[in-house]
Amino acid sequence: MLQSSSSSSEEELSVHFQMIPRSQRSSVNEDIECAIVAVQTYPLPEFVLIHKDESVLKDIESLENFRLNVYKVTLSQDRELYDVELHAEPNYPTLGKKFGVKSIAEKIRQMTDTDIEKLLSKGESESPLIIIDDVPIESEGVHFFFRVVKQTQFEAIAKQGCVVLLDYTADAALKDEGRIQEITSRIQKLRKEAFFYVNY
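Next up, the structure:
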């Protein structure tokens with residue numbers, strides 16, 4: 103749940119003071135609900151966003167004005183600092199039965215972060231994307247993704263050039279705060295169900 107720290111009226115000072123709206127089942131997104139369940143137990147120590155475009159990072163800075171269930175938000179353009187690299191995997195259904203597909207697949211996996219960066223800088227729309235063993239490979243024949251190459255406290259999620267690292271480690275203090283948040287949430291829910299209003 104995100105809540106802006108600023109408000110245009112006293113009634114919107116806190117989301118906890120608003121009554122529960124009627125449920126619209128057609129608007130329920132089960133993927134989002136699962137994601138929320140995964141992080142709502144206790145606050146996360148750190149959220150890291152990595153993107154090479156500084157303008158994207160500046161847009162994310164606006165989140166600092168919201169209440170997030172995380173202690174620290176870190177924005178970075180340096181993937182190496184967090185041991186995040188590009189990796190390539192063959193897309194077998196697209197490669198089909200090309201001659202020497204096993205050898206081609208292995209060479210795709212062996213591509214380095216630098217090799218992939220050079221390919222992507224040319225644009226995935228270029229045809230062919232790459233030629234391996236005299237066999238032209240289109241962009242659909244290769245999956246590119248980010249991965250954390252060393253074991254850390256972070257879980258990585260990546261999409262469209264954006265890498266998000268979430269620190270799921272929690273000490274006793276974080277777990278205690280999570281319990282306090284849960285108690286507060288249940289009290290507020292009971293208040294709303296009983297139609298108790300807060301007077302300023």
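Per my numbering, residue 103 is the first one in the sequence shown, and the count goes up by one each step. Where a beta carbon is used, it is the ideal one built from N, C-alpha and C, also for glycine.
Residue range 244-250 is occupied by the beta strand (DSSP E) that includes residue 249.
At a Cβ-Cβ threshold of 8 Å, residue 243 and residue 171 do not count as neighbours.
Between residue 258 and residue 186, the C-beta spacing is below 8 Å. In the structure shown, the three-state DSSP call for residue 184 is helix. One thing to note: residue 269 has its Cβ no nearer than 8 Å to the Cβ of residue 145. Residue pairing by DSSP places residue 148 opposite 174 and 269 in a beta bridge. Within the DSSP bridge table, the entry for residue 261 names 264 as partners.
Residues of the same chain with a CB within less than 7 Å of the CB of residue 188, apart from the 5 flanking positions on each side, are 215, 218, 219, 246 and 248 in chain order. Around the CB of residue 173, fewer than 16 other CB atoms lie within 10 Å, so the residue is classed as exposed.
Taking a contact as a CB-CB distance under 8 Å, the pair residue 265 and residue 162 does not count as one, their CB atoms being some 12 Å apart.
In the displayed model, residue 230 falls within coil according to three-state DSSP, outside both helix and strand. Leaving aside the five residues that flank residue 234 on each side, the residues in its chain whose CB is nearer than 6 Å to its CB run, in chain order, 206 and 209.
Taking the Cα of residue 181 as reference, the smallest distance to any Cα among 282, 252 and 289 is reached at 252.
Counting along the chain, residue 237 sits inside the beta strand (DSSP E) bounded by residues 237-239.
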